[in-house]
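Letter by letter, the sequence shown follows residues 56 to 598 of my numbering. Glycine included, every Cβ here is placed at the ideal spot set by N, Cα and C.
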Amino acid sequence: MASEIPELSGASLRQLLAALGAPVADLVAAPAGLDAPIEDVVIVDPDDEPDASPGDLVLIIGSRGTAAVRLVRALARRGATAVAVKVAPGDVPDQLRAAALDSGIAMLAVRPEVRWDQLDSLARGVVADARVATVAEPGESADLFSLAQTIAALTGGAVSVEDTANRVLAYSRSDDEVDELRRLSILGWQGPEDYLALLREWGVLARLSAGEEVVHVDEHAELGIRRRLAIGIRAGTQPLGSIWVQEGSTPLADRAEAVLLGAARVAALHLVRRRAGPTSGLRLRQNLLTSMLDNRIEPRTLADNIGADVHKPAAVAAFAMSATGAGQPVLELRGAAMSELISVHAAAYRRSALVTTIGPRGYLLLPDLPEHDADTVVLGLAREIVTAARKRLGLTVRAAVGSVVGSLTDVAESRSEADRVLDVTEDDGAAGEVATIADVRAKVLLDETLTILESDPRLRDPRVTVLVEHDATHGTELVASLVAYLDHVRDVRTAARRLNVHPNTLRYRIRRVTELSGLDLTDPGQSLFAHLQLLWETRRRGL
C-alpha cells in the first residue's frame, strides 16, 4: 500500500521563507519562482572551490556583502537552488543582487545578528518536515498538522495523531460534527483516562501496538463515541504512536483504510526524524565535519568551531550497522540511536570529538590525540562503542579505525582508510567487530587491485575471458578449478580436496585450461595476473 502515498521530497523556497520569516532572512531574488525545490542544506567555506548540487540551499559563511559575489555565481553554475548571505536588511548591494538575478539563483539576505547554526537548524527542520508531509497540498505547511489535514481530506474524517502515551501531537481542522472523545482529547492534548480504559477493555490499544493493521472502533452513541478507524505508527517492532480518523456526518471514504496504511508509514519517518533531530549548534558542526571528511573545507574552519588544535594528531573511526530485513524507518531509528551512543561515548573521552553520518555509515572524529599510544586509545574507544551497541541497543555493528594522522589536515585520509577496511570486512567476520588496516591489509590491496581491473577493461587478459565463456557455454568448472589450484599455490591434492574431486580430475582440468586459453601457468607473472582476473570475474558474476 506504500504507493498510496507519494515519494518523499524536499521543501519549496516558499515553505522555507514561510518558516524562517523576516526576523531571520529576507528574500533578495527568486528568478525561478517560489516553488523552486530545496532538498538539502550545505555550507561553503570561501577559501575553497564551491561545491553544490541541484536542490541545495548553500549557506555562505565567512563572506558578507559584495565579497560573496564570486561564490554566488560559482554556486549557480553548480546548480544550487539558493544561497544565503549575511547582509543588513535594506542594505543589499546592487552588485550582489545582480549576481543572483543574472545567474538564475535564489538569494536570501541573512540578518547579521542571526547565527549560522540557528539558520542551519531551522532550514534543515523545514526540509525534513517537508519530506514527511509529502501528501500535503502545494503551499501547505510541512508538519504533522499538515499531514493530519491531508489524511482528513483523503478519508473524509476528522484526524488526530498521537504518541504512544496517547498524547495528541497534531489534529486536522474540522467543520463537521466531532464526538466527545475527540473534543476532550484535543482540549486536553491527551485521551481522557475513562475513554482510554474502554479502548483497552475492547482490545483496541493492544491491536494498535501489535502490528500494522487498521483497527475498527464501532459507534457507541450512549458513550459519545462515533465510528473510528485507527492504525499504529511503527518503526519495525517499535511503536511510535497512532493515527485516528473519526467519522462525521457522512461515511468515511472507500479508500480510507488504504490511505491510513500509507499515512502511517509516512508518519513513522516524521516521528523518527523528530526524535533524531539534533540541536542547532551540533547540526552545523556535523555539517562541517561531513564537508571536511569529503575534503571540501579547510580544517581550520572545523577546528575553530569545535575548539580543537589543527596541528595535533587525529583519527577517524567508521561504523556500519547490519541492515538485514530492515525498512527505511527502522534504519533511521537504529541510525539515530547508534549516532547518539557514539556521541555519548566520544564526548566522555574528548569534548571536541564529533560524530556525523554519511550515507549508511557513522563517522567519529577524534582530534587532539596524544602524541604516544593514540592508536591504542582510538581502537579501545571503538571496541567500547561496538560492545555497548550490542549489549545496550541490540545492534550488530562493525567498526573500522583509520590510521592516526599528524593533524586535522589529513583526516580525510584516515576516513578513506577506515572506509576501505569496512568494505572488505562487510561479509567477513574473521577480522572481528573492530578492524584496522593492519588486520586486513592483504584484502584491501586485493580489493583495490580488482577495482582497477573493473575500471579499465584494457588491462584484462582475453585468454582468461575465454575460460569464463567456455564454462558458461559448456557447463564446465575450469574457472573454479583454476582458482582453487592457484589459491593453494599449485598444491593439487589440497586443491582437489577443496573441490571434492580426485587429484587426477583436477590435473586433467588444469591441462584443459592451458590448451583452451594458451596460458603458461609455469610463468609466475601470467599465473598471478590470471589469478587476479579470475577472482574479479568470479566476484562480478557472483560465482
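Closest by C-alpha distance to residue i, when choosing among the options
i              : options                        : result
histidine 529  : Ala550, Ala490, Leu571         : Leu571
proline 105    : Leu112, Ala129, Leu89          : Ala129
valine 216     : Val270, Leu295, Arg281, Met162 : Leu295
isoleucine 288 : Ala261, Ala276, Ala318         : Ala318
proline 422    : Gly435, Arg405, Arg416         : Arg405
leucine 537    : Asn342, His525, His586, Ala369 : His586
aspartate 81   : Val147, Pro109, Gly110, Arg119 : Val147
aspartate 90   : Gly461, Ala363, Ile160         : Ile160
glutamate 312  : Gly117, Ala539, Ala285         : Ala285
tryptophan 299 : Ser398, Val214, Thr219         : Val214
Exposed unless 16 or more other CB atoms sit within 10 angstroms - verdict on residue i
i              : result
glutamate 248  : exposed
threonine 577  : exposed
glutamate 150  : Going by the sequence as given, residue 150 is glutamine instead of glutamate. It is exposed - the Cβ of glutamine 150 has fewer than 16 other Cβ atoms within 10 Å.
glycine 65     : buried
isoleucine 507 : exposed
leucine 500    : exposed
histidine 599  : This structure cannot speak to residue 599, because the chain is shown only from 56 to 598.
serine 67      : buried
glutamate 503  : exposed
alanine 131    : buried
valine 142     : buried
asparagine 555 : exposed
threonine 292  : exposed
alanine 265    : exposed
tyrosine 563   : exposed
lysine 498     : buried
aspartate 175  : buried
glycine 362    : exposed
alanine 84     : buried
Simplified DSSP state of residue i, which is helix, strand or coil
i              : result
histidine 586  : helix
proline 333    : Since pLDDT at proline 333 reaches only 45, below the 50 mark, its modelled position is unreliable, and no value is offered.
threonine 504  : helix
glycine 287    : strand
leucine 420    : strand
aspartate 218  : strand
arginine 518   : helix
threonine 602  : Residue 602 lies beyond the residue range present for the chain, which begins at 56 and ends at 598; the question has no answer from this structure.
isoleucine 352 : coil
alanine 135    : coil
proline 23     : A question about residue 23 goes unanswered here, because the residues of the chain that appear run from 56 up to 598.
aspartate 111  : strand
tryptophan 171 : helix
aspartate 142  : It is valine, not aspartate, that sits at residue 142 in the sequence shown. It is coil, neither helix nor strand.
tryptophan 299 : strand
histidine 271  : strand
serine 201     : helix
alanine 261    : helix
aspartate 359  : helix
Straight-line gap, residue i to residue j (C-alpha atoms, nearest Å)
i              : j              : result
leucine 209    : valine 314     : 7 angstroms
glutamate 592  : arginine 496   : 22 angstroms
proline 306    : alanine 207    : 12 angstroms
asparagine 350 : leucine 344    : 10 angstroms
serine 201     : valine 223     : 14 angstroms
alanine 178    : valine 96      : 7 angstroms
histidine 366  : isoleucine 413 : 25 angstroms
arginine 566   : valine 544     : 16 angstroms
valine 371     : histidine 400  : 14 angstroms
aspartate 575  : glutamine 581  : 7 angstroms
proline 415    : alanine 375    : 7 angstroms
alanine 197    : glutamine 70   : Summary for alanine 197: the model assigns pLDDT 43, below 50, so the residue's position carries little reliability, and this model does not support an answer.
alanine 271    : tyrosine 226   : According to the sequence shown, residue 271 is histidine rather than alanine. When rounded, the distance between both Cα atoms is 19 angstroms.
glutamate 277  : leucine 254    : 15 angstroms
alanine 203    : serine 297     : 12 angstroms
histidine 557  : alanine 473    : 43 angstroms
alanine 205    : alanine 408    : It is threonine, not alanine, that sits at residue 205 in the sequence shown. About 42 angstroms.
arginine 340   : leucine 357    : 7 angstroms
glycine 484    : methionine 393 : Residue confidence is low: glycine 484 scores 48 on pLDDT, short of 50, so the model does not pin down where it sits. No coordinate-derived value is stated.
valine 433     : arginine 470   : 13 angstroms
alanine 402    : aspartate 102  : 30 angstroms
8 angstroms contact criterion, which residue i and residue j should meet: CB distance rounded
i             : j             : result
glycine 211   : alanine 308   : 5 angstroms
valine 410    : aspartate 430 : The pair is not a contact, with the Cβ atoms about 20 angstroms apart (cut-off 8 angstroms).
arginine 283  : glutamate 268 : The Cβ separation is near 14 angstroms, so there is no contact.
alanine 164   : valine 138    : With 8 angstroms as the limit, alanine 164 and valine 138 do not qualify as a contact, their Cβ atoms being about 10 angstroms apart.
alanine 454   : alanine 550   : The pair is not a contact, with the Cβ atoms about 35 angstroms apart (cut-off 8 angstroms).
valine 124    : alanine 154   : 5 angstroms
threonine 480 : serine 377    : Incorrect: roughly 12 angstroms between the Cβ atoms, too far for contact.
proline 368   : glycine 461   : 6 angstroms
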